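Per our numbering: the sequence shown = residues 6 to 694.
The structure appears below as structure tokens.
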Amino acid sequence: MPSTDIPTFAASQLVLLDAELRAELSETSALASQSSPTALARAGVAILNLQISSQRTGLGGKTVVELELNPAVGGGDIPEHGIRVGDIVGVQEQVGGSAKKREKAEVKAKGAEGVVLKVTSAVVAVALDREEVEVPGGKLWLIKLANDVTYKRMTQTMTRLQNFKEAEYTPFIRVLFGLSSPSPVPQNLSDPEHGLDNVAWIDSSLNDSQKDAIRFALLSKEMALIHGPPGTGKTHTLIELILQMLKQNLRLLVCGPSNIAVDNIVERLAPHKVSIVRLGHPARLLPSVLNHSLDLLTRTSDAGALVQDVRKEMDKKQASIRKTRNGRERRTIYGELKELRKEYRERERGCVDNLVRGSKVILATLHGAGGFHLKNQEFDVVIIDEASQALEAQCWVPLLAAKKVVLAGDHLQLPPTIKSLNSKAKPPKEAKAAKDENVVKNMTLETTLFDRLLALHGPSIKRMLTTQYRMHEKIMAFSSKELYEGKLVAADGVKARLLKDLPYEVKDTEDSREPVVFWDTQGGDFPEKTEDEEVGKKAGKGMSLGESKSNELEAALVKLHVRNLVDAGVRPEDIAVVTPYNAQLAVLSQLLKEAFPGIELGSVDGFQGREKEAVIVSLVRSNPEHEVGFLGEKRRLNVAMTRPKRHLCVIGDSETAGRGSAFLKRWMAFLEETADLRYPNASDLQDLT
């Protein structure tokens, strides 16, 4: 692959990011403008009938409000909803359904926006964006908004890159765009000349491919890619790499595309007693990592005590504003609050700066690494976990000032989800003009930095982990042969394990002794159907499913198989059912949720990175035209078939799937040859639908 012109690359990314944000905003605004608050609540993007239960000052002097259900509607638990920690929301006064458009607009303007910090069954806490904000009283509602914060940060980063003068291109940046070749890495990584022949490994359980990847990452000058197929201990390897780099007295910034990816590393690093600081909203973090969060550290350090005094004073002022009705008094208190905020920010900034400078390892999400806390901070190495799940523009947020990067991920699993690929949102005229003259042809946001570097410099820049610790060897076999050059090996402890060997009592049945089962529904008796949004409403979700597909008889077959596993003694919480289609998920939810409490249902895309003892995959597609749509994407299929530890059950029509793509055809042939093959009778399943 030829080198890339940096300004052209950045311009192309800006056009694509603009289209992506536009797609997200149009989806959100269409939903909000065309639906009533009740419909939005049913769709899971709003919560009605709330009131403020408390108000306090959070990190950065932000006002944090806690919202609970209004006693007028019975109080108690907040109804089921889809609002999560980290979501951007609007807090507004709730108007009646008969309110006029102008009235609604006025109420919206008086409302406040913020980030969700905490979600429990009884309370939702929101950190408001503006400091001096008067939250409306009375009955309130909360609505999820499009999150443009991440896009702004990516856009700022790409604009900076676009405006770099050639003299500003560091050797690192030049290599990452193919303007220079990477510094060669020695052939023999264990040669005594490099000092890694006798590494004192902290984790004695590391296998040879993990040790090789760590040595390679230590000796690489500009970049190293660690390719971790499913179950190969990628994060395990990164922890050892971090500890070895700390022994070399290097300062590290460790990032990931999501809070969960970063918290996973914090949890595993914490027992090693290294000096770490986790950046990010405390309530977005797992409870187990809060001791390392900047928020908690600022409160428990000596300098933090002074900050807390000011915070308490601010909280008192906030409370007195709510009690005061006199306009002049309120203005006076607002003036005092303004001065306190200024003092608070100065003290907090000093406290934060000391903590960050004193830490050898900083951990943050990719876009979180662009916050003011890390301004002018220098790191020897940036490590990005789950790099195949991150947009390239996101990776550049911490990389613009980097000297070296280690990317860990698996480019043969699903890339980040890109809404604009299927969006009907039209790009603006300027973007169209830019598109014509100054962009990289065929570039898409689905191409990650991991993908691009591999295409640019070839396999010499990566090392693959080859021992997997998750799957029975028969479950692993097809994926290994087709995607991982046949190099994956199942570890001794997992290669023959079955459901009947679970650490609790499971009967030896035709299901519990089989690692791979294939229910082949060929013959046309299990037809798919195209769903409209009614299915979502039937499932109680109220979600729009568009042109999604479902297959009710196939869902009944899933239920039969789950019943057989549970009757054998397998616990429902050890079973997952995954499918590529939301409409099928809605049908499965109706059939299985009440019957098997604890069972996990999910989309294939949402289950990436997860594992279960038994996984049932519902392929859904069965039609005379043999059309498979996005089921034919081999990275999606790779995710589906590599989630189980002991038992994989595939349910689908081999006639339809087998003609969908060359990869699917080979998978069907593999299942027919290797799996316990079964042919269901549709008439036996009518009672289960």
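Cβ atoms here follow ideal geometry from the backbone N, Cα and C, with glycine treated the same way.
Model, not experiment: these values are computed from the prediction.
Nearest by alpha-carbon distance to residue i: which of the options is it?
i, options, result
"Ser-485", "Arg-640, Gln-323, Ile-621 and Glu-519", "Arg-640"
"Val-583", "Cys-260, Val-50 and Gly-611", "Gly-611"
"Asn-152", "Ser-623, Arg-518, Tyr-509 and His-372", "His-372"
"Lys-505", "Pro-602, Pro-7 and Arg-651", "Arg-651"
"Gln-192", "Leu-184, Ser-185 and Leu-201", "Leu-201"
"Ile-148", "Phe-377, Arg-89, Phe-177 and Thr-162", "Arg-89"
"Thr-370", "Leu-379, Val-121, Leu-302 and Leu-284", "Leu-284"
"Met-228", "Val-50, Phe-455 and Leu-558", "Phe-455"
"Lys-598", "Gly-376, Leu-223, Ser-31 and Pro-577", "Pro-577"
"Lys-322", "Leu-342, Glu-334, Asn-331 and Ile-231", "Leu-342"
"Glu-490", "Ala-482, Val-70 and Lys-226", "Ala-482"
"Ala-573", "Pro-532, Ala-591, Gly-528 and Arg-518", "Arg-518"
"Thr-68", "Met-448, Pro-421, Leu-133 and Asp-497", "Leu-133"
"Gln-418", "Lys-424, Val-386, Gln-399 and Thr-452", "Thr-452"
"Ala-46", "Ile-11, Asp-525, Pro-84 and Ser-225", "Pro-84"
"Phe-523", "Arg-330, Leu-55, Ile-480 and Gln-97", "Ile-480"
"Leu-55", "Gly-63, Gly-143, Tyr-174 and Lys-534", "Gly-143"
"Asn-359", "Gln-382, Glu-344, Gly-340 and Gly-375", "Gln-382"
"Phe-384", "Ala-374, Arg-648, Ser-209 and Leu-74", "Ala-374"
"Val-204", "Gly-183, Leu-248, Gln-613 and Pro-602", "Leu-248"
Our contact map puts residue i next to residue j with C-beta atoms below 8 Å; I'd like the distance itself, whole angstroms only.
i, j, result
"Glu-272", "Ser-298", "Actually they are not in contact, since the Cβ atoms of Glu-272 and Ser-298 sit about 13 Å apart, beyond 8 Å."
"Ser-608", "Asn-587", "7 Å"
"Gln-589", "Asn-556", "6 Å"
"Gly-49", "Gly-87", "3 Å"
"Gly-236", "Met-448", "Gly-236 to Met-448, Cβ: 32 Å. No contact."
Span of the alpha helix (DSSP H) holding residue i?
i, result
"Glu-383", "Run containing Glu-383: none; DSSP gives neither H nor E here."
"Ile-57", "Counting along the chain, Ile-57 falls outside any alpha helix (DSSP H), though it belongs to the beta strand (DSSP E) covering 51-62."
"Thr-337", "332-362"
"Phe-668", "667-679"
"Ile-247", "239-252"
"Asp-663", "The amino acid occupying residue 663 in the given sequence is Gly; Asp does not appear at that position. Segment 659-663, the alpha helix (DSSP H) holding Gly-663."
"Val-129", "Here Val-129 belongs to no alpha helix (DSSP H); instead the beta strand (DSSP E) covers 128-133."
"Ala-398", "397-404"
"Glu-98", "Run containing Glu-98: none in the alpha helix (DSSP H); it sits in the beta strand (DSSP E), 93-98."
"Arg-179", "176-181"
"Lys-512", "Here Lys-512 belongs to no alpha helix (DSSP H), and DSSP marks it neither H nor E."
Buried or exposed for residue i, going by 16 or more other Cβ atoms inside 10 Å?
i, result
"Val-575", "buried"
"Gly-233", "buried"
"Trp-401", "buried"
"Ala-501", "exposed"
"Asp-441", "Any answer about Asp-441 is weak, because its pLDDT of 48 lies below 50 and its placement is not dependable; what the coordinates show is given next. So Asp-441 ends up on the exposed side."
"Arg-220", "buried"
"Val-154", "exposed"
"Val-78", "exposed"
"Leu-258", "buried"
"Gln-748", "Examination of residue 748 is not possible in this model, given that the chain is present from 6 through 694 alone."
"Leu-550", "For Leu-550, the predicted model reports a pLDDT of 38, less than 50, meaning its position is unreliable; a value from the coordinates is still stated below. Classification of Leu-550: buried, given that the 10 Å Cβ count is 16 or more."
"Pro-276", "exposed"
"Phe-635", "exposed"
"Arg-336", "exposed"
"Leu-181", "buried"
What is the residue span of the beta strand (DSSP E) that residue i lies within?
i, result
"Ser-484", "Unbroken run through Ser-484 is the alpha helix (DSSP H), 478-488; no beta strand (DSSP E)."
"Lys-157", "Run containing Lys-157: none in the beta strand (DSSP E); it sits in the alpha helix (DSSP H), 154-168."
"Thr-43", "Element bounds for Thr-43: not the beta strand (DSSP E) but the alpha helix (DSSP H), 42-47."
"Arg-283", "281-283"
"Met-646", "Per DSSP, Met-646 belongs to no beta strand (DSSP E); it is in the alpha helix (DSSP H), 639-646."
"Leu-412", "410-414"
"Val-124", "117-124"
I need the DSSP call for residue i, collapsed to helix, strand or coil.
i, result
"Ala-560", "helix"
"His-372", "coil"
"His-232", "strand"
"Ile-219", "helix"
"Ala-619", "strand"
"Asp-497", "coil"
"Ile-88", "coil"
"Arg-256", "coil"
"Ala-275", "helix"
"Gly-634", "helix"
"Asp-525", "strand"
"Arg-568", "helix"
"Ile-83", "coil"
"Lys-226", "coil"
"Leu-459", "helix"
"Ser-263", "coil"
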